[in-house]
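See structure below.
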Amino acid sequence: MTREAQQLVYVVDDDPGMLDSTVWLLESVGLKAVPFTSGREFLEHCDPSLNACVLLDVRMPGMGGLNVQEELRQRDIHLPLIFVSGHADVPIVVRAFKAGAVDFIEKPYNQQLLLDSVQQALSRADRHQSQSAGQARVQALLQSLTPREQDVLLPLVQGYTNREIAEQLGVSIKTIDLYRSRVMKRMQAEHLPALVGMAIAAGLVDPLQLR
Numbered sequence: 134m135t136r137e138a139q140q141l142v143y144v145v146d147d148d149p150g151m152l153d154s155t156v157w158l159l160e161s162v163g164l165k166a167v168p169f170t171s172g173r174e175f176l177e178h179c180d181p182s183l184n185a186c187v188l189l190d191v192r193m194p195g196m197g198g199l200n201v202q203e204e205l206r207q208r209d210i211h212l213p214l215i216f217v218s219g220h221a222d223v224p225i226v227v228r229a230f231k232a233g234a235v236d237f238i239e240k241p242y243n244q245q246l247l248l249d250s251v252q253q254a255l256s257r258a259d260r261h262q263s264q265s266a267g268q269a270r271v272q273a274l275l276q277s278l279t280p281r282e283q284d285v286l287l288p289l290v291q292g293y294t295n296r297e298i299a300e301q302l303g304v305s306i307k308t309i310d311l312y313r314s315r316v317m318k319r320m321q322a323e324h325l326p327a328l329v330g331m332a333i334a335a336g337l338v339d340p341l342q343l344r
């Protein structure tokens, strides 16, 4: 399995007994679990490029789970977070979810409930990773376009006809036909809807503003 495809669960809990039992549970269903006894230690070693999620205790000495969540946000790291706590009072739960947590589980937890939550979080991480890789690919393809091809791309995905684009750029329709073909080939788009999807993914156009 490649490094990018590897799935793992970071488990952050200052209680050694709880940490060991959680790691054992995850590994019993074939998941790779990486334990940490402090939020600071986890932050020093977490790898945002991996397909991973985080099981995070709320109350820990030094740096609590909510502080870890905020630090991840400041570092622009978007690993799905599942909070686990024996002290799940409403303000803490609300704060965690507002800051982007995907779940909040009370201790002592139901094992199947925890495993289901972890699998959902890993699926979300996988989708996010795939989207990031797809966006990077589109950006690389866009950068391969010549300036003239870029001039044709934008009105093309905005829904203008070849005749309208030719009038905008002051060239013949035949020239636009040629550049349109080149744009499709360079962008590896089989048809116009695929090209439009790439432009939306790259943030070039707003889908609500298309003709």
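So the number in the working numbering is just where the residue sits in the sequence shown, counting from 1, plus 133. Note that beta-carbon positions come from the ideal geometry of N, C-alpha and C, so glycine has one too.
Range of the contiguous beta strand (DSSP E) that encloses residue i
i	result
Asp236	236-239
Leu212	Element bounds for Leu212: n/a, residue is neither H nor E.
Ala166	165-169
Helix, strand or coil at residue i according to DSSP, with G and I counted as helix
i	result
Asn243	coil
Asp146	coil
Val187	strand
Ser126	The structure shown does not extend to residue 126, since the chain is modelled only from 134 through 344, so no value can be given for it.
Val217	strand
Leu141	strand
His178	helix
Val271	helix
Pro288	helix
Ala322	coil
Gly198	helix
CA nearest to the CA of residue i, picked from the options
i	options	result
Leu287	Ser305, Met320, Ser256	Met320
Asp148	Gln272, Pro181, Pro194	Pro194
Leu278	Lys318, Asp180, Phe237, His324	Lys318
Cys179	Trp157, Pro213, Gln252, Leu248	Pro213
Val162	His220, Leu247, Val338	Leu247
Leu325	Ser305, Gly303, Gln291	Gln291
Ile238	Val329, Ile215, Val187	Ile215
Gln268	Arg281, Ile333, Asp259, Ile306	Ile333
Lys240	Gln140, Ser256, Ser218	Ser218
Val227	Leu199, Leu164, Val304	Leu199
Leu188	Lys307, Gln207, Tyr242, Arg208	Tyr242
Same chain, Cβ closer than 7 Å to residue i, five either side skipped, listed in chain order
i	result
Leu152	Val144, Asp146, Pro168, Thr170
Val285	Ile298, Ile309, Tyr312, Arg313, Val316
Cys186	Val142, Leu212, Pro213, Ile215, Val251, Ala254, Leu255, Ala258
Beta-carbon contacts of residue i that lie in its chain and below 8 Å, excluding the five residues immediately before and after
i	result
Gln301	Pro288, Tyr293
Glu203	Ala232
Thr135	In this prediction, Thr135 scores a pLDDT of 42, lower than 50, which makes its location untrustworthy; no coordinate-derived value is stated.
Glu282	Tyr312, Arg315, Val316, Arg319
Residue i and residue j closer than 8 Å at C-beta
i	j	result
Gly172	Val201	yes
Leu159	Ala166	yes
Met331	Val271	yes
Ala327	Leu275	no
Pro181	Ile225	no
Boundaries (first-last residue) of the alpha helix (DSSP H) holding residue i
i	result
Val223	223-231
Arg319	306-319
Met331	325-334
Leu302	295-302
Cβ-based neighbour list, residue i, same chain, cut-off 6 Å, excluding 5 preceding and 5 following
i	result
Glu137	Because the pLDDT at Glu137 is just 42, under 50, the model does not fix this residue reliably, and the value given afterwards should be weighed accordingly. Correct list: empty, nothing qualifies.
Thr155	Val144
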